[in-house]
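Protein chains in written order, with the working numbering: chain H, 88 to 495; chain X, 931 to 1412.
Notes for the one structure printed next.
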Amino acid sequence: MDVCVIGAGPTGLVAAHELSRLGVSRICVVDREPAAGGMPRHCPHPVFGIVDQRRVLRGPSYAKRLTEMARRSKGVEIITETTLVASSGFPEIALTGPEGTFRVCTRALLYATGCRETPRGARLIAGNRPLGIFTTESLQRLAVGKPLLGGRAVIVGAETVSFSTLRTLRAFGAEVVSMVTEHPRHQTYGVIRALAGGLSGVRVLTGTRVVSIAGAQRVESVELEGIETGQRRVIDCDWVVFTGEFVPESEHPSTAGVDMDLGTRGPRVDSQFRCSKDGIFAAGNLIHAAEMAHVCVGDAKRVARAIHQFLQSPSPGERRRLSITVSSPLAWVCPNVWVPIQSASCRYFLLRSHTCLGQGRVMISQENRALWEARLDCFVPNRSLKLSSGWVTSVREDGGPVQIDWRS
Amino acid sequence: MMIRKARDIMAEVFDVAVIGAGVVGSAIARELAQYDLKVALLEKRSDVGAGTSKANTAILHTGFDTIPGSLEGGLLSRGYARMLTYASEVGIPVERTGAVLVAWDEAQYRRLSGICDTAKRNGVMDLEEISKEQLYELEPRLGVGAWGGVRVPGESIICPFTTTIALATEAVLNGVRLYLDFPVERIFPEGIAKALAGPRGSVLAKVVINVAGLQSGRVDSMFGFGRFAITPRRGELIVFDKLSRSLISRIILPVPTPISKGVLISPTIFGNLIVGPTAEDLAEPSTATTAPGMQELLKRGYRILPALRNESITNAYAGVRAATEHKDYQIHADQATRYICVGGIRSTGLSACLGIAEHVAGLLDTVGIKLKRKPEFRRTLMPYLGNVERRAFLNDDQIRRDGDYGRVVCHCERVSRGEIRDALCGTIPARSFDGLRRRTRCLQGRCQGSHCFAAIAEMVSKETGMPLTDLIEGASWRETLE
């Protein structure tokens, strides 16, 4: 194999298609699901393809479209129902599937494994463990094609995806009684909140955390607490859907021994999507959980070019990699590694914060030497802001790590 | 081999009825199944091992710290040895990680030599006191400030779910009648036997063995004894992601002082790390986790292993153990009532169960039962849930026979369609999602069913014929899946 891509979601599929276009010949895309297409397969709402396909598509159609594009690309083989067993032996990759275990030797490896939402268990929410507790993903996978009967639902989270959950729950006859977020405001865009809210808008309870869930066999109620007031209330409900707080599916890069970023919790990558080991790349929501599909598609096109370049000249010589780190209240930056490169081939950086931030400035420095300063307002958790890359040429290759701070 | 429901009220009288199909009750039933006896195993929940047996620290204790000369000490020692053999015979995953007790202050440090002495008196001869330097060499990621420790090489980790199911399966395979969803609320004499009655019907037995765990005090009172009161003691535990497994090699144990018992950090046989347990006495049993409980565990966990701060948490759970006012097991055989009480097993049931079972078999003579060994005893082999290398998804022979073993459904825990299918129609099949979790590991991984719940629910719906909506309601699955 020339390239082995782990994950046939939008990132993996578009990267494969792009690699084929660039003349790379032996590309295999592996996915552990029964069908290719990734997360969009389960997202019923018509919010896909607007930027990258110039069409308004529902998730499943978008997934099919990208799958077809990749499948028809010369030199691309898509293998589904196949699980990556280990990639720590790179260039040898161990896999398994319905035909048994097998190994593949590949010159380049691209991790495009995407992300997942943080479920109840990982959030350490107290209480019992009854049925009726979902994430957007498990709910939408369950709901595909099958109407579910009513009940009352509480949605935890007010990110863009949470409003998709709202629509899904309503489409299947449930009454959304509450939407709860710990943050002081919702984290989507006004227009989405308005559209999803619909005629019978749901009140978003801000500054509110979930204390516990009660219920024997099935969820019976949820206890909420106002963070400022300490006031508690119990809401009777049948569904509790935990939404957003995406984290990368980074088990495999981690066990393969590539450097991991404590901020993104995904593999550390430079603007060419290269990991800390030669020949290994990572792109898509694995490195920035979670952006919309068109951002991942943008990654895919760029990483394909980077992989193609690597295949042409596999030993680029000493590659100086400097860390780019952020300090609180910033949460992460992606890419998070600086390499000597022309700024023209460097896209923007994505920045996230832990909390809602008002007006402020982002300051980029290297060993206390200021490189760049820009105004970046209205940080909202779980939603990225773009940071331009004009400053990358000012970084001194022989200097220390690059630091990004935020001041109000 | 069918699991009987209360509907099938038998006119027959069982020789022995065992109340409680937790790990100890199942071990006793299995022990008795080796003899020519009619045995009934009664369980109030819908599955075996669904009480304390499914929510504990999953440690196979050597018994180094029991009270020397106590019944618990003797049975635990015997149970530990028998379990190592049993586990390798039936495929229960066990790993001899060993443990280190860590002293974090002078008071704890001064107790270490006493612990070694007690261990010797308990027949555990290989404990070794180690210096601070040696401790950090063994476990370099421990927080600063340890004074020293003790090595306990024999302390092991085990799968509690497989253990109970293996025991109960062998019991059933050898003729024990398993009654699930069968709470016992009244006991009254009925001819030469006793009737054990509840909302689902009644069972007649000459001899009754009370292994009812959290309810054992109540059952003891039903027989007119009431020798102990059960205090439900809740223990919460936090499960860290498998990626944190490599932070420690051994079980990290606290040094108990009169003030506090401390919490342990242990690898699990499934590759995670657990921190816990808390110890909270309750009025009524509850397996709900609590915010203060979990916060306390995090605080203590970070102190013992600071690197945990950067690790991901998978889940938290709580189990309830049966504490009594006594310091030892409450195992009594009464000739007149032909009743054996196996209560107050505290927190060592999993480790001691095979020792207890052997001991109880020896008490049957007291209550007028003669043991005649059966010529044959059927064994079982359990699906292996431990080390990834031995699981079905990597087993080419298995996959070649049936491609479903290569189709992974629960990705986080690498559980194949074939294994889930098997769990839905085993000797004691899964009858709930929790039952399925315990038999296969599905839904137990870092995504907690986010990726796989829908696919699994669909499989269950197809196998049981139950509509998806009923399944999510929490309705009990079909009684037998034959």
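Beta carbons: idealized from backbone N, C-alpha and C, even for Gly.
Using a 10 angstroms sphere on the CB of H:C465, the tally of other CB atoms stays under 16, which defines it as exposed.
For the C-beta of X:R1337, the chain H residues within less than 7 Å are, from N- to C-terminus, E168, P185.
Look at the segment 376 to 426 of chain H and you find these whole runs of beta strand (DSSP E), each 3 residues long or longer: 409 to 413, 417 to 421. In this structure, the CA atom of X:T982 is about 25 Å from the CA atom of X:R1175. Sequence-distant Cβ neighbours of X:L1311 in its own chain, meaning closer than 7 Å and more than five residues away, are V1020, G1021. In this structure, H:I394 lies away from H:L100, with their beta-carbon atoms at least 9 Å apart. Closest in alpha carbon position to H:L109, among H:V390, H:L409, H:S475, is H:V390.
Secondary structure of X:Q1225 (DSSP, three-state): helix.
Excluding residues up to 5 positions away in sequence, R239, A240, V241, V264, V306, S308, V309 lie with their Cβ nearer than 7 Å to the Cβ of H:C324 in the same chain. If you check the CB distance, X:L1097 and X:S1007 do not come in under 9 Å. In this structure, X:I1299 and X:D945 form a Cβ contact; the two beta carbons are roughly 6 Å apart against a cut-off of 8 Å. Under the Cβ criterion of 9 Å, H:G219 is counted among the residues facing chain X. Each residue's CA atom was taken as its position, placing X:R1148 and X:A1253 some 13 Å apart. Your pair H:G187 and H:V248 does not check out as a contact, with CB atoms roughly 37 Å apart and the cut at 8 Å. Closer than 9 Å to the CB of X:G1404 there is at least one CB belonging to chain H.
Taking a beta-carbon distance threshold of 9 Å, X:G981 does not count as an interface residue toward chain H. Minimum Cα-Cα distance from X:G1285 among the listed residues X:T992, X:Y1010, X:V948 corresponds to X:Y1010. The C-alpha of H:I279 is placed about 47 Å away from the C-alpha of H:S402.
Counting along the chain, X:K1062 sits inside the alpha helix (DSSP H) bounded by residues 1062 to 1068.
Between the segment 335 to 343 of chain H and the segment 435 to 450 of chain H, the count of Cβ pairs shorter than 8 Å is below three; the stretches do not touch.
Within the model, the alpha-carbon separation for H:S299 versus H:L311 is close to 7 Å. The straight-line gap separating the alpha-carbon atoms of H:A102 and X:G1356 is approximately 44 Å.
The count of Cβ pairs closer than 8 Å, one atom from the segment 1122 to 1139 of chain X and one from the segment 989 to 1002 of chain X, stays below three, leaving the stretches out of contact.
For X:G1333, the closest Cβ of chain H is nearer than 9 Å. In this chain, the alpha helix (DSSP H) harbouring X:G1292 covers 1279 to 1293. X:Q1038 counts as buried, since no fewer than 16 other beta carbons sit within 10 angstroms of its beta carbon.
Counted as a single uninterrupted DSSP element, the alpha helix (DSSP H) harbouring X:R1148 occupies residues 1146 to 1152.
The contact set of H:L349 on chain X, defined by CB atoms closer than 7 Å, consists of N1240 in chain order.
Around the Cβ of H:Y276, a 10 Å sphere holds fewer than 16 other Cβ atoms; the residue is exposed.
Taken in chain order, the unbroken stretches of beta strand (DSSP E) that lie wholly in the segment 1207 to 1276 of chain X and span 3 residues or more are 1243 to 1253, 1260 to 1264, 1269 to 1273. Residues are counted here when their Cβ sits less than 7 Å from a Cβ of chain X; for the segment 114 to 126 of chain H these are R119, given in chain order. When the five nearest sequence neighbours on each side are left out, the beta carbons in the same chain lying within less than 6 Å of the beta carbon of H:R462 are those of R448, in order along the chain. Secondary structure remark: continuous beta strand (DSSP E) runs of at least 3 residues inside the segment 1028 to 1059 of chain X, in chain order: 1029 to 1033. Of H:W459, H:G353, H:G366, the smallest CA-CA separation from H:V420 is found for H:G353.
Using a Cβ-Cβ cut-off of 9 Å, H:Q359 does not count as an interface residue toward chain X, since no Cβ of chain X sits closer than that to its own. Contacts between X:N1140 and chain H, judged by CB atoms closer than 7 Å, are missing: the closest CB pair is about 26 Å apart.
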